[in-house]
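Mapping of the sequence shown onto the working numbering: residues 42 to 498, in sequence order. Cβ atoms here follow ideal geometry from the backbone N, Cα and C, with glycine treated the same way. Structure first, then comments.
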Amino acid sequence: VEEFTSDIPNVSEEATKDLDDNGVIRVGARVEPGDILIGKISPKGESDPSPEEKLLRAIFGDKAGDVKDSSLKANPSLSGVVIDKKLFSRAIKTRDSKKQDKVLLAKIDEEYEAKNNDLKDILVDKLMTLTEGKTSQGVKDYTGAEIITKGSKFTVPALKNLEFDGIQSNNWTDDDHTNALIQKLIMNYIRKYKLLDAEMKRKKFAISIGDELPSGILQMAKVYIAKKRKIQVGDKLAGRHGNKGIVSKVVRTEDMPFLEDGRPVDLVLNPMGVPSRMNLGQIFEAILGAAGQKLGCKFATPIFDGAKLDDLKEWTDKAGLPNLCSTYIYDGETGEKFDQPATVGVTYFLKLGHMVEDKMHARSIGPYSLITQQPLGGKAQFGGQRFGEMEVWAIEAFGASHVLQEILTIKSDDTVGRSKAYEAIVKGDTMPTPGIPESLNVLLHELRGLGLSIKLD
42 VEEFTSDIPN VSEEATKDLD DNGVIRVGAR VEPGDILIGK ISPKGESDPS PEEKLLRAIF
102 GDKAGDVKDS SLKANPSLSG VVIDKKLFSR AIKTRDSKKQ DKVLLAKIDE EYEAKNNDLK
162 DILVDKLMTL TEGKTSQGVK DYTGAEIITK GSKFTVPALK NLEFDGIQSN NWTDDDHTNA
222 LIQKLIMNYI RKYKLLDAEM KRKKFAISIG DELPSGILQM AKVYIAKKRK IQVGDKLAGR
282 HGNKGIVSKV VRTEDMPFLE DGRPVDLVLN PMGVPSRMNL GQIFEAILGA AGQKLGCKFA
342 TPIFDGAKLD DLKEWTDKAG LPNLCSTYIY DGETGEKFDQ PATVGVTYFL KLGHMVEDKM
402 HARSIGPYSL ITQQPLGGKA QFGGQRFGEM EVWAIEAFGA SHVLQEILTI KSDDTVGRSK
462 AYEAIVKGDT MPTPGIPESL NVLLHELRGL GLSIKLD
């Protein structure tokens with residue numbers, strides 16, 4: 042049976058130093074690509090051991106030979122800090138485990154009773170403070186029966202005997218303000234009491250039934266990793282008007298274009314992004330935002346009834362800003378004034394979930410499709426870059442026949458040529474002649490399936 046463990050065969054102590062007894066990485070550990078996140082071992086199928094395995098069995102005993110490492114490792118782009126981990130287990134019932142469960146359940150009940158009593162004591166103390174020197178106006182339950190009679194004093198035993206989730210919490214005294222406070226206090230108590238009750242039930246359920254897992258799964262571990270990133274070239278940003286784009290250059294503050302008073306701008310947008318999309322809202326937002334910041338007020342513009350040009354002029358005049366925030370800016374690197382004025386305002390920009398770090402990917406040798414023998418696609422599968430029909434035309438137009446032949450055979454699905462090319466590179470020999478792509482064999486088999494006899498000369 043597979044199991045989570047930190048005792049993994051043929052893995053150094055350094056690699057497993059952050060794993061706990063269950064094989065799950067500790068909270069706070071720094072994770073880099075290739076690190077073990079969850080240690081797992083799986084049984085090997087019965088097979089004749091190789092000489093190396095025989096040696097390992099002789100040194101480490103049978104365990105190293107019977108199981109193989111099937112741990113979850115951090116993928117090539119994953120780096121960060123572990124912020125949380127969870128281990129879910131299905132409850133497997135034996136006679137001993139049932140005895141242990143009984144003890145644990147009794148302990149949970151004791152803890153719950155103690156916490157509940159403490160909570161009730163706090164409530165009673167606060168109620169005694171509120172009702173000090175006051176007489177009861179009749180405390181009733183939801184059936185209307187009086188529990189604390191009208192005209193009597195409030196006492197600690199009387200309050201402790203109350204079931205607060207089944208009584209009317211209004212009109213305890215003749216003072217409305219005190220009644221409101223009592224009502225609020227009891228509502229808070231009921232909320233806290235329900236949280237305690239739910240926590241107790243959850244703990245009991247976890248012990249008696251265990252976590253709900255898909256059939257056939259005994260344990261499941263989850264690790265949560267936080268990544269810290271700085272904005273970089275290739276990250277995607279967007280405003281609130283469909284004006285999204287990619288960061289093309291990041292420069293130091295002193296190299297950014299600056300205003301006449303020396304204040305640098307934070308973000309420079311390409312003006313070509315406005316006429317093509319016709320989303321003038323972004324310019325309106327920048328102008329109104331600048332006026333709002335200067336005047337210390339906020340604007341809300343309803344859809345189809347937003348600010349007009351006249352409104353913008355009115356507010357920029359009030360704020361003492363140039364007409365429509367059109368102002369001359371200076372080159373941060375040379376200090377020269379730009380020929381044309383630019384709109385400089387305040388706008389809201391946010392990060393879109395397409396970070397360049399998540400998309401960067403490179404592959405030399407990796408997994409291949411079982412049928413076509415071509416490399417898989419996509420970062421998740423550690424795949425290759427697609428070389429499609431149009432790219433083939435481009436290479437043909439250049440007349441780069443050897444490059445094209447290499448791409449269509451040994452870099453793709455010529456299984457024999459692949460291994461020969463690898464050997465040639467390792468030994469330093471000349472590159473072999475490419476063979477027949479596997480996709481041609483697939484096509485031939487399909488034709489044979491139609492009853493056509495096809496042979497290659």
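Determine the contact status of Ile-82 and Asp-110, defining contact as a CB-CB distance below 8 Å. Taking the first residue of the sequence shown as 1, we reach residue 82 at position 41. Taking the first residue of the sequence shown as 1, we reach residue 110 at position 69. It is a contact, given that the beta carbons lie within the stated cut-off.
Please state the DSSP three-state secondary structure of Arg-232. If you number the sequence shown from 1, residue 232 lands on position 191. Three-state DSSP puts Arg-232 in a helix.
For Gln-426, is the classification buried or exposed, using 16 other Cβ atoms within 10 angstroms of its Cβ as the cut-off for buried? As a first step, residue 426 is located in the sequence shown; it is residue number 385 there, counting from the start. Looking at its Cβ environment, which holds fewer than 16 other Cβ atoms inside 10 Å, Gln-426 is exposed.
Lys-277 and Lys-285 closer than 8 Å at C-beta: Locating residue 277 in the sequence shown gives position 236, counting from the first residue. Locating residue 285 in the sequence shown gives position 244, counting from the first residue. Yes, these two residues count as a Cβ contact at 8 Å.
Grab the span of the beta strand (DSSP E) containing Val-165 for me, first residue to last. Residue 165 sits at position 124 when you count from the first residue of the sequence shown. First-last for Val-165: 136–171, but that is the alpha helix (DSSP H), not the beta strand (DSSP E).
Starting from Phe-129 and walking both ways along the beta strand (DSSP E), at which residues does that stretch end? Counting from 1 along the sequence shown, the entry for residue 129 is found at position 88. Residues 121–130.
Assuming the contact rule is C-beta atoms closer than 8 Å, Asp-498 and Glu-479 should be a hit. Round their C-beta distance to whole Å, please. As a working note, residue 498 is residue 457 in the sequence shown. As a working note, residue 479 is residue 438 in the sequence shown. Between Glu-479 and Asp-498 the Cβ distance is about 19 Å, and since that is not below 8 Å, they are no contact.
Among the candidates Arg-304, Gly-303, Glu-295 and Cys-366, whose CA atom is the shortest distance from the CA of Glu-326? Here residue 326 is taken as the residue at index 285 of the sequence shown, counted from 1. Among Arg-304, Gly-303, Glu-295 and Cys-366, the Cα nearest to that of Glu-326 belongs to Cys-366.
Could you name the residues of the same chain whose beta carbon sits closer than 7 Å to that of Gly-251, not counting the 5 residues immediately before and after it, in chain order? For the purposes of this step, residue 251 is identified with residue 210 of the sequence shown, where counting begins at 1. Contacts found: Ser-130, Arg-131 and Ala-132.
Measure from the alpha carbon of Ser-177 to the alpha carbon of each residue in Arg-281, Thr-342 and Leu-168, then state which is nearest. As a working mapping, residue 177 is identified with position 136 in the sequence shown. Its Cα nearest to that of Ser-177, the residue Leu-168 stands out among Arg-281, Thr-342 and Leu-168.
Verify whether the separation of the beta carbon atoms of Ser-112 and Gly-75 is less than 8 Å. Along the sequence shown, one-based indexing puts residue 112 at 71. Along the sequence shown, one-based indexing puts residue 75 at 34. The answer is no: Cβ separation not under 8 Å.
Extent of the continuous alpha helix (DSSP H) to which Ile-100 belongs: Sequence index remark: in the sequence shown, residue 100 carries index 59 (1-based). Residues 92–101.
Here's the rule I'm using: 16 or more other beta-carbon atoms within 10 Å means buried, otherwise exposed. How should Ala-331 be labelled? Reading the sequence shown from its first residue, position 290 is the one you call residue 331. Label assigned to Ala-331: buried.
Please report the distance separating the alpha-carbon of Asp-182 from that of Leu-237. Mapped onto the sequence shown, residue 182 falls at position 141. Mapped onto the sequence shown, residue 237 falls at position 196. Looking at the two C-alpha atoms, the distance is approximately 23 Å.
Quick check: the segment 160–174 against the segment 255–268, are there 3 or more CB pairs under 8 Å? no
For Gln-426, report the span of its alpha helix (DSSP H) as first-last. One-based indexing of the sequence shown puts residue 426 at position 385. For Gln-426, there is no enclosing alpha helix (DSSP H), as DSSP marks it with neither H nor E.
Taking the alpha carbon of Ser-210 as the point to measure from, which residue in Tyr-371, Ala-199, Ala-438 and Ile-227 has its own alpha carbon closest? Within the sequence shown, the letter at position 169 stands for residue 210. Closest option to Ser-210, Cα to Cα, is Ile-227.
Please tell me whether Glu-301 and Gly-373 are closer than 8 Å, where the distance is taken between their beta carbons. Taking the first residue of the sequence shown as position 1, residue 301 is located at position 260. Taking the first residue of the sequence shown as position 1, residue 373 is located at position 332. No.
When you compare the segment 440–451 with the segment 399–413, are there three or more beta-carbon pairs, one atom per stretch, that lie closer than 8 Å? no
Residue closest to Ile-208, alpha-carbon to alpha-carbon, out of Lys-349, Gly-192 and Ala-186: Your numbering for residue 208 matches position 167 in the sequence shown. Out of Lys-349, Gly-192 and Ala-186, Ala-186 has the C-alpha closest to the C-alpha of Ile-208.
Which residue marks the beginning of the beta strand (DSSP E) containing Lys-468, and which one marks its end? Position 427 of the sequence shown, counting from 1, holds the residue named residue 468. Not the beta strand (DSSP E): Lys-468 falls in the alpha helix (DSSP H), residues 456–468.
Flag this pair as yes or no: are the beta carbons of Thr-328 and Thr-357 separated by less than 8 Å? By 1-based counting over the sequence shown, the position of residue 328 is 287. By 1-based counting over the sequence shown, the position of residue 357 is 316. The sequence shown places Ile at residue 328, not Thr. The answer is yes: Cβ separation under 8 Å.
Buried versus exposed, by CB contacts within 10 Å (16 or more), Pro-84: Residue mapping note: residue 84 aligns to position 43 of the sequence shown, counting from 1. That one is exposed.
Residues in the same chain with beta-carbon distance under 6 Å from Phe-340, minus the five sequence neighbours each way, listed in chain order, please. Against the sequence shown, residue 340 aligns to sequence position 299. For Phe-340, same chain residues with a beta-carbon under 6 Å away, outside a window of 5 residues either side, are Leu-329 and Gly-333 in chain order.
DSSP state of Lys-114, grouped into three classes? Indexing the sequence shown from 1 puts residue 114 at position 73. Three-state result, Lys-114: strand.
Anyone know if the C-beta pair for Val-264 and Lys-461 falls short of 8 Å? In the sequence shown, the residue the question calls residue 264 occupies position 223. In the sequence shown, the residue the question calls residue 461 occupies position 420. Going by C-beta atoms, Val-264 is not nearer than 8 Å to Lys-461.
Arg-98 and Pro-92 - do their beta-carbons sit closer together than 8 Å? For the purposes of this step, residue 92 is taken as the residue at position 51 of the sequence shown. For the purposes of this step, residue 98 is taken as the residue at position 57 of the sequence shown. In this structure, Arg-98 does not lie closer than 8 Å to Pro-92 by Cβ.
DSSP three-state assignment for Val-309, whether helix, strand or coil: Counting from 1 along the sequence shown, the entry for residue 309 is found at position 268. DSSP places Val-309 in the coil class of the three-state scheme, outside both helix and strand.
Pick out whichever of Pro-363, Gly-86, Pro-382 and Gly-64 has its Cα sitting closest to the Cα of Tyr-371. In the sequence shown, the residue the question calls residue 371 occupies position 330. With distances taken between CA atoms, Tyr-371 lies nearest to Pro-382 out of Pro-363, Gly-86, Pro-382 and Gly-64.
Tell me whether the beta-carbon of Gln-360 lies closer than 8 Å to the beta-carbon of Lys-335. To locate residue 360, count along the sequence shown from 1; it is residue 319. To locate residue 335, count along the sequence shown from 1; it is residue 294. The identity of residue 360 in the sequence shown is Ala, whereas the question assumes Gln. Contact: yes.
Using beta-carbon positions only, say whether Gly-376 and Ala-267 come within less than 8 Å of one another. Mapped onto the sequence shown, residue 376 falls at position 335. Mapped onto the sequence shown, residue 267 falls at position 226. Going by C-beta atoms, Gly-376 is not nearer than 8 Å to Ala-267.
Please go through the segment 284–346 and give each complete alpha helix (DSSP H) segment of 4 or more residues, from N-terminal end onward. Here the runs fully enclosed are 322–336.
Taking 8 Å as the limit between beta carbons, can you name the residues of its chain near Lys-245, skipping five residues before and five after? Sequence index remark: in the sequence shown, residue 245 carries index 204 (1-based). Contacts found: Leu-146 and Ile-149.
For Ile-188 versus Leu-203, is the C-beta spacing smaller than 8 Å? To locate residue 188, count along the sequence shown from 1; it is residue 147. To locate residue 203, count along the sequence shown from 1; it is residue 162. Cβ distance < 8 Å, so Ile-188 and Leu-203 count as in contact.
Starting from the Cα of Gln-141, find the closest Cα among Phe-428, Ser-249, Glu-398 and Asp-206 and give me that residue. By one-based count along the sequence shown, residue 141 stands at place 100. Nearest of Phe-428, Ser-249, Glu-398 and Asp-206 to Gln-141, Cα basis: Ser-249.
Taking the alpha-carbon positions, what's the Lys-235 to Gly-275 distance? As a first step, residue 235 must be located in the sequence shown, where it is residue number 194. As a first step, residue 275 must be located in the sequence shown, where it is residue number 234. So the alpha carbons of these two residues sit roughly 49 Å apart.
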